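Just so we're on the same page, my numbering is the position in the sequence shown counted from 1, plus 6.
All residues carry an ideal CB built from backbone N, CA and C; glycine is no exception.
Fair warning: this is a prediction, and the values are worked out from it, not measured in the lab.
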Amino acid sequence: MKLSIATYNIHKGVSAFGRQARIHRIKEAISALNADLIFLQEVQGQHDHHARRHAQWPQEAQHEFLAGESHHAAYGMNAVYEHGHHGNALLSRFPIAAYANHDVSDHAYEQRGILHAVVHTGAHELHCFVIHLGLFAASRRRQIQALIDTIRRDTPADAPLIIAGDFNDWNQRLSAALYEQLGVVEAFDHRAPHDASRLSRSGLGHLFRQSQNLHARTFPAGFPWLCLDRVYVRGFDVRQAHVMKGAPWKDLSDHVPLWAHLELRPER
7 MKLSIATYNI HKGVSAFGRQ ARIHRIKEAI SALNADLIFL QEVQGQHDHH
57 ARRHAQWPQE AQHEFLAGES HHAAYGMNAV YEHGHHGNAL LSRFPIAAYA
107 NHDVSDHAYE QRGILHAVVH TGAHELHCFV IHLGLFAASR RRQIQALIDT
157 IRRDTPADAP LIIAGDFNDW NQRLSAALYE QLGVVEAFDH RAPHDASRLS
207 RSGLGHLFRQ SQNLHARTFP AGFPWLCLDR VYVRGFDVRQ AHVMKGAPWK
257 DLSDHVPLWA HLELRPER
């Protein structure tokens, strides 16, 4: 089985400070990717202020609007406020058999969740996890451990697995735990077997040496420099992986998306 997937932080479908609505252009761009699975972060389930401010603001929630008639949608509400809420979403060309949102908020000022969706592709049951981790390193470490614990508890050890989203891991220190405890591979890290000691180095110097960069650069969109967004897989071979730089992506969000083509490994 072959799959194309994408992950994208859509910045709630608006420009900085909500001055311009970009959700319609985002829908066009996402549709052009023609991905089977789309892992989305900062998806606006409801925003009364934007709905009043912007003409032609979608009447439905953004995950439903972006899914359209081609995809199924699952939404995990994380941040709730007086005028609305936002969270993570999965768009799937295949039926979504079940999904659950796990609260991994680390403090009152950041509401974070892990969206776990089980997708039926026909012959296979695929476990998808949509991630948007916190801004503080200690929070991210605890949230990654919560992800690992959730996967070990709720996912068969031999089940195909995709974890994708905005990890906010600008210093690239989270992959080692995922490699070691879940047996996953990151789509843009082509060093195999993975050397965990390199991933746990201290200091900032390695961020500015392209030859030692392990993951794709996705932020900021106008000049991607930091490696915030990731795609981790288990049970798949990564056939292609691309950072969607340039037009139209540089003008749609503060992140650019990742796109990957995967092929399920045959059962042994």
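Item                                                                                                            : Value
Rounded separation between L220 and N177 - CA only                                                              : 11 Å
Closest residue to H77 among A85, H113, Q68 (Cα-Cα distance)                                                    : Q68
Which listed residue (P101, R99, A79, F100) has its alpha carbon closest to that of G93                         : A79
Cβ separation of H261 and F225, assumed to be a contact under 8 Å, to the nearest whole Å                       : 5 Å
Backbone CA spacing between Q246 and L46 [nearest angstrom]                                                     : 20 Å
Coarse secondary structure for Q117, derived from DSSP in three states                                          : coil
Neighbour-count burial assignment, S203, 16 or more Cβ in a 10 Å radius                                         : Because S203 sits at a pLDDT of 40, beneath the cut-off of 50, its placement in the model cannot be relied upon, and the following sentence gives the value as read from the coordinates. With fewer than 16 Cβ atoms within 10 Å of its Cβ, S203 is classed as exposed.
Span of the beta strand (DSSP E) around D109                                                                    : 102–109
Reduced DSSP secondary structure (H/G/I, E/B, other) of L132                                                    : strand
Rounded C-alpha distance that separates M83 from H138                                                           : 12 Å
Backbone CA spacing between A144 and A95 [nearest angstrom]                                                     : 25 Å
Supposed contact pair D235 and L2 - C-beta distance, whole angstroms, cut 8 Å                                   : Residue numbering for the chain in the displayed model covers 7 to 274; residue 2 lies beyond these limits and cannot be assessed.
Sub-8 Å separation of R240 and V190 beta-carbons                                                                : yes
Exposure label - E34; buried when at least 16 CB within 10 Å                                                    : exposed
Three-state secondary structure (DSSP) of G74                                                                   : coil
Candidates T127, H126, D112, V136, of which the one nearest I120 by Cα                                          : V136
Through-space distance from L153 to A170, alpha-carbon basis                                                    : 12 Å
Which listed residue (A85, T161, Q187) has its alpha carbon closest to that of G285                             : Lying before the first or after the last residue shown, residue 285 is absent from the chain, which here runs from 7 to 274.
As assigned by DSSP and simplified to three states, the class of E269                                           : strand
CA nearest to the CA of R98, picked from N174, C134, T161                                                       : One point to set straight first is that residue 98 is Ser, not Arg, in the sequence displayed. The shortest C-alpha separation from S98 is found at C134.
Those runs of the beta strand (DSSP E) which lie wholly inside the segment 217–260 and span at least 3 residues : 235–240, 242–249
First through last residue of the alpha helix (DSSP H) which encompasses L184                                   : 181–188
Neighbourhood of L9 by C-beta, 7 Å cutoff - its chain only, sequence neighbours within 5 removed                : D42, L43, L268
Opening and closing residue of the alpha helix (DSSP H) in which S145 lies                                      : 143–160
K8: first and last residue of the uninterrupted beta strand (DSSP E) it sits in                                 : 8–15
Rounded straight-line distance, which links the Cα of H122 to that of R148                                      : 18 Å
Residue closest to A253, alpha-carbon to alpha-carbon, out of H126, A227, L232                                  : A227
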